[in-house]
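**Student:**
Residue numbers (the working numbering): 41 to 330.
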C-alpha cells in the first residue's frame with residue numbers, strides 16, 4: 041500500500057473512532073434524541089448526495105432492504121445504545137460486524153469457513169460476552185446489547201447489498217439516506233418528545249455533530265474506504281480498520297474520562313484478535329456505515 045493511501049486509511053479510522061465519542065457526547069451529555077439525530081444526519085447526506093440518485097439502480101427493492109438495514113435500523117439501535125454505553129466499548133463491539141457477516145454468508149450465501157475462522161468467531165463472541173456482562177448485577181449492559189444488535193443488522197445489510205449489483209458508493213449513500221429519512225422521522229415523532237427544544241438548547245453542539253457525522257464519517261471516510269477496497273485486497277484493508285476502536289478507546293479515555301478497566305482490556309483482546317483472524321481470511325467485501 042502506498043504511503044498516501046495508508047495515511048488516508050489511518051485518517052478514516054481516526055474519524056470513525058472520533059465519531060463514536062462525538063455521538064456519545066451528543067446523545068448522552070446533550071440528550072439529543074437518537075432517532076431525531078439520525079434523521080438530521082441523513083437529511084444532510086441526502087441533500088449533498090442528491091445528484092447521484094439517478095438513474096435508479098437495478099434490483100431497486102434489494103437496494104431498499106439493504107439501505108434500510110445499514111442506514112435507518114443500524115443507526116436507530118446504535119444511537120440508542122450510545123446513550124448509555126461507553127464510546128470505546130461500543131467501538132470494540134462494533135467489530136462484531138465482521139464475524140456476524142461471516143456467519144450470515146455461510147447461512148445465506150453458502151460460503152465455507154475454515155477452522156481458523158470458526159475459532160475466530162467463537163473468540164469474538166466470548167469477547168462480547170465479557171464486555172457486556174456485568175457480574176455485579178448479574179445482567180447485561182443494555183447499551184452494548186443495542187450496539188451489538190446494530191452491527192448484526194449492518195451485517196444483514198452487507199449480505200443484502202451483494203444482491204444489488206454494481207453500484208457506486210455515492211449512489212449507495214444517496215439512496216440509503218433518502219430511505220432512512222421518512223422511517224427515522226416517523227420513529228422520532230412516535231417515540232420521542234422535545235426534539236426541537238433539545239436541539240435549540242444544544243447550541244452549536246447539534247450542528248457540529250451533524251456536520252461531522254455526515255461530511256466526515258459518512259461521505260469522506262466511507263467514500264475513501266470504498267475507493268481503497270477497490271484498489272487493494274480486502275485482506276489488507278479490513279484488518280487495518282481495527283485502528284478504529286483503538287482511537288475510540290483512546291479518545292474516550294482522554295476526552296470523556298471513560299474507564300480503562302481489566303474487563304475492557306480482556307474483552308478487547310478476545311474481539312480484536314479474533315476479528316483480525318477472520319478478516320485476514322475474508323474474501324468478500326464488507327460494506328460498513330458508523
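Ideal Cβ positions, reconstructed from N, Cα and C, are used throughout, including at glycine.
Can you check whether the CB of residue 134 is closer than 9 Å to the CB of residue 75?
**Tutor:** Against a cut-off of 9 Å, the Cβ pair of residue 134 and residue 75 comes out as no contact.
**Student:** In terms of alpha-carbon separation, which member of 145, 207, 42 and 80 lies closest to residue 115?
**Tutor:** Cα-wise, what sits closest to residue 115 is 80.
**Student:** Ends of the alpha helix (DSSP H) at residue 138?
**Tutor:** That run of the alpha helix (DSSP H) goes 137-148.
**Student:** Which residue's Cα is closest to the Cα of residue 180: 62, 125, 250 and 244?
**Tutor:** Comparing Cα-Cα distances from residue 180 to each of 62, 125, 250 and 244, the minimum goes to 125.
**Student:** If you run the structure through DSSP and keep just helix, strand and coil, what is residue 173?
**Tutor:** Residue 173: strand per DSSP, three-state reduction.
**Student:** Would you give the residue range spanned by the alpha helix (DSSP H) that residue 186 belongs to?
**Tutor:** Where residue 186 is concerned, the enclosing alpha helix (DSSP H) stretches over 182-200.
**Student:** Taking the alpha helix (DSSP H) that residue 240 falls in, what are its first and last residues?
**Tutor:** Run containing residue 240: 235-241, per the alpha helix (DSSP H) assignment.
**Student:** Considering only residues of the same chain and omitting the five flanking positions on each side of residue 234, which have a CB-CB separation below 8 Å?
**Tutor:** Around residue 234: 73.
**Student:** Starting from the N-terminal side, write out each stretch of the beta strand (DSSP E) that is 3 residues or longer and does not extend beyond the segment 253-300.
**Tutor:** Listed in chain order, there is nothing to give.
**Student:** Does DSSP classify residue 120 as helix, strand or coil?
**Tutor:** Helix.
**Student:** Taking all protein chains shown into account, do 16 or more other C-beta atoms lie within 10 angstroms of the C-beta of residue 171, making it buried, or fewer, making it exposed?
**Tutor:** With 16 or more other Cβ atoms within 10 Å, it is buried.
**Student:** Once you ignore the five residues that flank residue 43 on each side, which residues in its own chain have a CB closer than 6 Å to its CB?
**Tutor:** Closer than 6 Å at the Cβ level, and outside the excluded window around residue 43, lies no residue.
**Student:** Rounded to a whole number of angstroms, what is the C-alpha to C-alpha distance between residue 58 and residue 123?
**Tutor:** If you take the alpha carbons of residue 58 and residue 123, they lie about 16 Å apart.
**Student:** Any heavy atom of the ligand ATP closer than 8 Å to the Cβ of residue 208?
**Tutor:** Looking at this structure, you won't find the ligand ATP or any other ligand, since it has none at all.
**Student:** Could you compute how far the alpha carbon of residue 239 sits from the alpha carbon of residue 300?
**Tutor:** Cα-Cα distance, rounded: 31 Å.
**Student:** Is residue 149 buried or exposed, if buried means 16 or more other CB atoms sit within 10 Å of its CB?
**Tutor:** Exposed.
**Student:** Can you tell me whether residue 125 is helix, strand or coil according to DSSP?
**Tutor:** Note: residue 125 maps to coil in three-state DSSP.
**Student:** Near residue 277, which residues of its chain fall below 6 Å by C-beta distance, leaving aside the five closest residues on each side in sequence?
**Tutor:** So the list reads 268 and 269, once near-sequence residues are dropped.
**Student:** Using the C-alpha atoms, what's the distance from residue 288 back to residue 49?
**Tutor:** Looking at the two C-alpha atoms, the distance is approximately 15 Å.
**Student:** Quick one: what does DSSP say residue 41 is sitting in, helix, strand or coil?
**Tutor:** Residue 41 falls in the coil class under three-state DSSP.
**Student:** Compare the beta carbon distance of residue 82 and residue 221 with 9 Å and say whether it is the shorter of the two.
**Tutor:** Yes.
**Student:** Over what stretch of residues does the alpha helix (DSSP H) that includes residue 105 continue unbroken?
**Tutor:** Looking at the DSSP string, the run of the alpha helix (DSSP H) that includes residue 105 is 100-108.
**Student:** Based on Cα-Cα distance, which residue from 154, 271 and 187 lies nearest to residue 169?
**Tutor:** For residue 169, the nearest C-alpha among the options comes from 187.
**Student:** Using C-beta distances below 6 Å, list every residue in its chain close to residue 132, excluding the 5 sequence neighbours before and after it, in chain order.
**Tutor:** Counting only Cβ-Cβ distances below 6 Å, and skipping sequence neighbours, we find 285, 308 and 311.
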